[in-house]
Amino acid sequence: MPASGGEIEDPMMKIPIVLLLGFLLALVQPRLHAEQQADRPHVVLILADDLGYGDLSCYNPQSQIRTAHLDRLAAEGMQFTDAHAGGSVCIPSRYALMTGRFAVRKPMNLASGPLIEEGRTTIASLLRDRGYATAMVGKWHLGFDPFLQNASEPADYSQLLRGGPIDCGFDFFFGMHASLDIPPYFYIRGRHAVTPPSDSIDHNDEDGGEAGWNQIQGAFWRKGGIAPGLKLEEVTPRFFEEAEGVIRQHAAQEEAKPLFLYLALPSPHTPWLPLEEFRGKSGAGSYGDFVLQIDAGVGRILEVLGEAGMAKETLVIFSSDNGPVWYDKDREKFGHDSVGGLRGMKATSWEGGHRMPFLARWPGRVAAGAVSDQLVVFSDLLATFAELRGDVQVPEGMAEDSVSFLASLLDAEGEARARPPVVHDRETVRDGDWKLILPRMRGPEGGKQGKPQLYNLASDPAEQENLAGQHPERVEHLGRWLEDWLQASR
């Protein structure tokens, strides 16, 4: 009703100013939170073990392994075609991933103690110091104190295991010290052995009925200590379950911290032990069946992120630590090229040893179905994660070999940026399109190659034409640069 003076009374004038401000803040807060999450997404990094560039069907249409869930990840995000592990074997690759440094900067000798020294910045410590909850599940393989791998004397498992993930920036860790063919076999939670490896297991190199595997293929593991009740075929499923639990638990918390989860799978590294439901489902033997099991597990992680309401706010990255153990005889037998047309395999300097599938999904920020030829190396993740916030500076003297690729991740149409030379190992340097492999490089069957190898990867990614004889000046320049860099880095 009109007031006596004929004016309409404003009902908002009767609301106390404190309540009014609270009402307005409630309207604004969701928007502020969304903007905060846009700058600080959850990050889920999934690393397979010994998976080839050509195993995923989104990279290799002729693959005998139909990786439906990883193909979906590629379709919903960005697929990198020139991404590289930190090395062609496990330990150097994981060191580069964690520290932003090429592994040739220090000896990769686990017997001398944990490889990441106290106080060194890692991807986990960098994110934790900027407000992230940090968790790791899976294979560490960067050393513990006391030394565990093939130790001459049994470790005292009542002691704390130091130098591992908890001492390198992770709030939570559940996993194992190394690969599932390297004893002792037992789970670690935090800094403690869950159950000491007081039982023993015999060596096994049986091929599971698939004649023709090499000794380090198939159901291969070494003899040694094992925790009572631990079954090797249950480890990969257990790690997926633990990772799902981390996501659910984080989603149930009221605090607004973003999550960084690093899931380091021990598969499809040997032993190849796929669960019954995956056996015979691929066209590439037990190896391919094991890859299918990984694909299904990744699909489950994506599903749990959706159930937790975190999918739209999460940057998911999937890759592998190095190339596969896959020989010419395996390619001929199964009609499956695990390296997708590249040359070499695990432990070689050729592209098949370190060029990896690399997928990234971040809904609304990374273009769906995008393909990038940007040169990316595992060491680049640290600088990229730092740039996610924009206000994070990498500490002086840390992550010397890390170059952010965030601009390429967020702009599929952008021009690929030039990157400083990449030192894959002590024998190999990549500068732009050119790659030099020095004669001391070892081949997959042992023995050293007899002459320098120079390839132009833009025109010859399969490294079929050695151009060293046509460009001796480039061989000399890159060789001298690598020797000078190695001396300076040590």
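Taking numbering that gives the first Met the number 0, I'd label the letters of the sequence shown as residues 0 to 489. Just so it is clear, CB atoms sit at the ideal spot from N, CA and C, and this is done for glycine as well. Predicted, not measured: the structure shown is a model, and the values here were computed from it.
Would you kindly work out how many angstroms separate the C-alpha atoms of Ser-458 and Glu-426, rounded to a whole number?
-> Approximately 22 Å between the Cα atoms of the pair.
On the premise that Asp-288 lies in contact with Gly-296, defined as a C-beta separation below 8 Å, what is that separation, rounded to the nearest angstrom? About 13 Å separates the two Cβ atoms, so there is no contact after all.
- Whole angstroms is fine: what's the gap from His-423's alpha carbon to Gly-85's? Take the alpha-carbon of His-423 and the one of Gly-85: they are about 7 Å apart.
**Q.** Closest Cα partner of Ile-225 within the set Gln-216, Ala-242, Pro-196 and Phe-238
**A.** Comparing Cα positions, the closest option is Pro-196.
**Item:** Integer-rounded CB distance, given that Leu-141 should sit under 8 Å from His-509
**Value:** A question about residue 509 goes unanswered here, because the residues of the chain that appear run from 0 up to 489.
Go ahead and label Ile-215 buried or exposed: buried means 16 or more other beta carbons lie within 10 angstroms of its beta carbon, across all protein chains shown. Taking every protein chain shown into account, the CB of Ile-215 has fewer than 16 other CB atoms within 10 angstroms, so this residue is exposed.
| Where Val-375 falls: helix, strand or coil (DSSP) | Val-375: strand per DSSP, three-state reduction.
Specify the secondary structure class of Asp-70 as computed by DSSP and reduced to three states.
It is helical.
_Excluding the 5 residues flanking Lys-328 on each side, which residues of the same chain have their C-beta closer than 8 Å to its C-beta?_
By the criterion of a C-beta distance shorter than 8 Å, Lys-328 is surrounded in its chain by Gly-211, once the five residues flanking it on both sides are discounted.
query = Is the Cβ-Cβ distance between Ser-319 and Gln-63 less than 8 Å?
reply = A distance of 8 Å or more separates the beta carbons of Ser-319 and Gln-63.
* **Alpha carbon of Tyr-52 to alpha carbon of Ile-181, nearest angstrom** => In this structure, the alpha-carbon of Tyr-52 lies about 25 Å from that of Ile-181.
**Message:** Using only the alpha-carbon positions, how far apart do Leu-301 and Thr-269 sit?
**Reply:** Just so you know, the alpha carbons of Leu-301 and Thr-269 end up roughly 25 Å apart.
Can you grab the Cα-Cα spacing for the pair Glu-276 / Phe-101, in whole Å? Answer to the nearest angstrom: the Cα atoms are 39 Å apart.
For this session: For the segment 409-424 and the segment 131-147, state whether three or more C-beta atom pairs, one from each stretch, are separated by less than 8 Å.
Result: They do not touch, by the three-pair rule.
**Request:** Assign Leu-481 to one of three DSSP states: helix, strand, or coil.
**Result:** Note: Leu-481 maps to helix in three-state DSSP.
Q.
Judging by CA-CA distance, which residue of Arg-342, Gly-305 and Lys-230 is the nearest neighbour of Gly-322?
A. Residue Arg-342 holds the alpha-carbon nearest to the alpha-carbon of Gly-322 among Arg-342, Gly-305 and Lys-230.
Query - Residues near Gly-163 in its chain [Cβ-Cβ closer than 6 Å; skip 5 each side] - result: Annotation for Gly-163: Trp-139 and Phe-143 place their beta carbon closer than 6 Å to its own, counting only its chain and skipping 5 residues before and after.
message: DSSP three-state label for Gly-223, please.
response: Three-state DSSP puts Gly-223 in a strand.
Does the distance from the CB of His-41 to the CB of Pro-257 come in under 8 Å? The answer is yes: Cβ separation under 8 Å.
Identity of the residues DSSP links to Gly-174 by a beta bridge: BP columns for Gly-174 point to Gly-137 and Ile-187.
_Taking the alpha-carbon of Pro-153 as reference, which of Gly-130, Tyr-131, Pro-60 and Tyr-184 has the nearest alpha-carbon?_
Comparing Cα-Cα distances from Pro-153 to each of Gly-130, Tyr-131, Pro-60 and Tyr-184, the minimum goes to Tyr-184.
Exercise. Among Pro-362, Gly-368 and Val-421, which one has its Cα closest to the Cα of Leu-374?
Worked result: Among Pro-362, Gly-368 and Val-421, the Cα nearest to that of Leu-374 is on Val-421.
Along the chain, where does the alpha helix (DSSP H) containing Leu-91 start, and where does it finish?
Checking the displayed sequence, the identity of residue 91 turns out to be Pro instead of Leu. Its alpha helix (DSSP H) spans residues 89-98.
- What residue from Leu-272, Glu-205 and Glu-253 has the CA that sits closest to Val-234's CA? Each of Leu-272, Glu-205 and Glu-253 was checked against the Cα of Val-234, and the nearest Cα belongs to Leu-272.
What is the DSSP secondary structure of Thr-194, counted as helix, strand or coil?
In the structure shown, Thr-194 sits in coil (DSSP, three-state: anything other than H, G, I, E or B).
Beta-carbon contacts of Val-434 that lie in its chain and below 6 Å, excluding the five residues immediately before and after: In the sequence as displayed, the identity of residue 434 is Lys instead of Val. The answer, listed in chain order, is Tyr-454 and Leu-456.
*Three-state secondary structure assigned by DSSP to Val-297*: Three-state DSSP puts Val-297 in a helix.
Query - beta strand (DSSP E) runs contained entirely in the segment 325-393, provided each spans 3 or more residues - result: Counting only runs of 3 or more, we get 354-360 and 369-371.
* Rounded to a whole number of angstroms, what is the C-alpha to C-alpha distance between Gln-486 and Ala-95? -> Taking C-alpha positions only, Gln-486 is separated from Ala-95 by approximately 19 Å.
Taking C-alpha atoms, which residue in Cys-89, Gly-284, Asp-372 and Leu-304 lies nearest to Asp-336? Of Cys-89, Gly-284, Asp-372 and Leu-304, the residue nearest in Cα terms is Gly-284.
Residues near Gly-137 by beta carbon distance below 6 Å, same chain, minus five either side: Result list for Gly-137: Gly-174, Phe-238, Leu-262, Ala-263 and Leu-264, in chain order.
Practice prompt. Please classify Asp-81: does DSSP put it in a helix, a strand, or coil?
Written response: In the structure shown, Asp-81 sits in a strand (DSSP, three-state: E or B).
I need the DSSP call for Val-402, collapsed to helix, strand or coil. Secondary structure of Val-402 (DSSP, three-state): coil.
Pop quiz: Leu-381 and Val-43 are said to be a contact at Cβ under 8 Å. What is the actual Cβ separation, rounded to whole angstroms?
16 Å between Cβ atoms; not a contact.
Note to self: Are the CB atoms of Leu-358 and Leu-387 within a distance shorter than 8 Å?
What the structure shows: With contacts defined by Cβ atoms closer than 8 Å, Leu-387 and Leu-358 do not form a contacting pair.
Practice prompt. Assuming Gln-158 and Val-370 form a contact by the criterion Cβ under 8 Å, report the distance between their Cβ atoms to the nearest whole angstrom.
Written response: Rounded, the Cβ-Cβ distance is 49 Å, inconsistent with contact.
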